[in-house]
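Residue numbers (the numbering used here): 73 to 437.
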Amino acid sequence: MESLIQQGVLDEYIVDLDWSPRSDYLAAITANGQVALKDLKSDDPWGELGRHKYGANSMQWHPHNALLASGGQDGKLTLWDVSSMSEAWSQDFGGWIDCLSWSSLGQYLASSSGKNLSVWSVSGKHEEIWSNHKSSISDIGWSPDGRFIAATAKGGITIRGYGHLETTQLLKWQGCPVKMAWQPNGQHIAMGDEEAIHFFEVETGMHQPLFGYNSKVSRMSWSFESRFLATNDKENLVIWDCGRQYSANEELFPLVDLVSPDSLVGPGGTPPILLRQHRGEINALAFQKKGELLASGDENGEVHIWNLKQSSVPIGSIALGCPISKISWSYDGRCIGIGGKDGTVSIVSFDVTEMSAVSVSRKEV
Numbered sequence: 073m074e075s076l077i078q079q080g081v082l083d084e085y086i087v088d089l090d091w092s093p094r095s096d097y098l099a100a101i102t103a104n105g106q107v108a109l110k111d112l113k114s115d116d117p118w119g120e121l122g123r124h125k126y127g128a129n130s131m132q133w134h135p136h137n138a139l140l141a142s143g144g145q146d147g148k149l150t151l152w153d154v155s156s157m158s159e160a161w162s163q164d165f166g167g168w169i170d171c172l173s174w175s176s177l178g179q180y181l182a183s184s185s186g187k188n189l190s191v192w193s194v195s196g197k198h199e200e201i202w203s204n205h206k207s208s209i210s211d212i213g214w215s216p217d218g219r220f221i222a223a224t225a226k227g228g229i230t231i232r233g234y235g236h237l238e239t240t241q242l243l244k245w246q247g248c249p250v251k252m253a254w255q256p257n258g259q260h261i262a263m264g265d266e267e268a269i270h271f272f273e274v275e276t277g278m279h280q281p282l283f284g285y286n287s288k289v290s291r292m293s294w295s296f297e298s299r300f301l302a303t304n305d306k307e308n309l310v311i312w313d314c315g316r317q318y319s320a321n322e323e324l325f326p327l328v329d330l331v332s333p334d335s336l337v338g339p340g341g342t343p344p345i346l347l348r349q350h351r352g353e354i355n356a357l358a359f360q361k362k363g364e365l366l367a368s369g370d371e372n373g374e375v376h377i378w379n380l381k382q383s384s385v386p387i388g389s390i391a392l393g394c395p396i397s398k399i400s401w402s403y404d405g406r407c408i409g410i411g412g413k414d415g416t417v418s419i420v421s422f423d424v425t426e427m428s429a430v431s432v433s434r435k436e437v
């Protein structure tokens, strides 16, 4: 059953969506710079926390508190205190704020601006800056344990220890990375570029590129138990099953439990799973934060829900009236926020009694 409540309240293309740690707020930023908030405990419409002049680029909730960080094309990094619906602090960095990432304990906020990678305290102190990247940084992310911050730029991935462990490691690749994602167990990093997915073993630096993509690998998401990596290839979902495959051959490439040395063969010598349900180019995909479901959305406004352990076809589908730009799961796994290129935000709730059957209701707010 679907129920259309309201639609079209935000002012532009949805750049990003993110849920609060308690799943009671959904935040959104738009191409016009709006930083908006929906209180799921209330029937009130979206409220506006503030704006970034020219446009907003990135946003992320603090992992434990009611604090929302946003960065924009106005060069400002702002921390919003949602409990008081006000600005906690704002720093003017000068250049576009491109990417944001909180450490897992919430002690530090990392931001990128051009070739610069910065670390900030929760109080707004500029703790550290590194400016020696070969190109503009395309993505950043803290390790799951919060001890390392990784940044992608021309030349590969630079991993820096921060806090008690100040080390630097370069995972080399001479191309231009687009996207990266830490495996939730912290053992590997996946990186996408113009035509391939790359797997790196963090401890050894062992590298395995897997070519054959027909588009930029700009969307990726790990399942919470570290088994599956979902990636985009135009209108197809390419899924790498990274579950350990035991083999009697002890001389196999050390990453054989993750990827095979053969370029188009995946974990344990198996090919990737190719899912062809979408009819438009995939713009967004995300696994549940602590669950088995994967959601993917495309240019035609279709969203499919998958359980990769049970079926190679969607267990649920939603047809929306605009191209999808962003998908975000709530922390409790009961809702997804779906952003549209027309400014629509849909909140979809799930009644999952069995993982093979999903009942969907939709609110567009």
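Positions of the beta carbon are idealized from the N, C-alpha and C atoms, including for glycine.
Does the Cβ of residue i have 16 or more other Cβ atoms within 10 Å, making it buried, or fewer, making it exposed?
| i | result |
| --- | --- |
| S335 | Legend: pLDDT at S335 = 44, less than 50; position of this residue unreliable, value from coordinates given subsequently. Burial call: exposed. |
| S92 | buried |
| F377 | It is worth fixing the name first, because residue 377 is Ile in this sequence and not Phe. It counts as buried. |
| Q280 | buried |
| R348 | exposed |
| V385 | exposed |
| D50 | Coverage of the chain is limited to positions 73 through 437, which leaves residue 50 absent and any answer about it impossible. |
| I101 | buried |
| N286 | exposed |
| S114 | exposed |
| T416 | buried |
| A320 | For A320, the pLDDT reaches just 43, beneath the cut-off of 50, and the residue's location in the model is therefore unreliable, leaving the point undetermined. |
| A391 | exposed |
| I408 | buried |
| S418 | buried |
| F283 | exposed |
| F422 | buried |
| P58 | The chain is shown from 73 up to 437; residue 58 falls before or after that span and cannot be answered. |
| I201 | exposed |
| S389 | exposed |
| S397 | buried |
| Q246 | exposed |
| K206 | exposed |
| Q382 | exposed |
Less than 8 Å between the C-beta atoms of residue i and residue j, yes or no?
| i | j | result |
| --- | --- | --- |
| E364 | G352 | no |
| A128 | V154 | no |
| S293 | A253 | yes |
| I231 | A225 | no |
| V289 | N308 | no |
| A138 | L151 | no |
| S203 | K187 | yes |
| G277 | Q255 | no |
| S215 | C171 | no |
| D88 | H124 | no |
| Y126 | G105 | yes |
| L237 | I311 | no |
| D217 | G258 | yes |
| L98 | L112 | yes |
| C248 | E267 | no |
So with Cβ pairs under 8 Å, would you call residue i a contact of chain D?
| i | result |
| --- | --- |
| S183 | Of the protein chains in this structure there is only one, and it is not chain D. |
Residue i: which of the options sits nearest, CA to CA?
| i | options | result |
| --- | --- | --- |
| I229 | S208, L98, D217 | S208 |
| L366 | S397, L149, P395, G405 | G405 |
| G235 | H260, L181, H205 | L181 |
| F300 | P343, L98, D265 | P343 |
| I387 | I396, V375, V250 | V375 |
| K110 | L82, D414, H134 | L82 |
| E297 | F359, E275, C248, K306 | F359 |
| D96 | G122, F220, G143, S402 | S402 |
| L346 | S190, L177, K306 | K306 |
| S368 | T239, R291, G119 | R291 |
Rounded to whole angstroms, how far is the Cβ of residue i from the Cβ of residue j, which I believe are closer than 8 Å?
| i | j | result |
| --- | --- | --- |
| G411 | G393 | Contact flag wrong, Cβ pair sits at about 13 Å. |
| G167 | S185 | 4 Å |
| H136 | G178 | 5 Å |
Open item on the list: Is it the case that the region 346-361 contacts the region 259-275, given that we only count it when at least three CB pairs across the two stretches are under 8 Å?
Closed with: Taking a cut-off of 8 Å for Cβ pairs, the region 259-275 and the region 346-361 do not touch, as fewer than three such pairs fall below it.
Open item on the list: Taking contact to mean 3 or more Cβ pairs, one atom from each stretch, closer than 8 Å, check whether the region 206-220 and the region 154-167 are in contact.
Closed with: no
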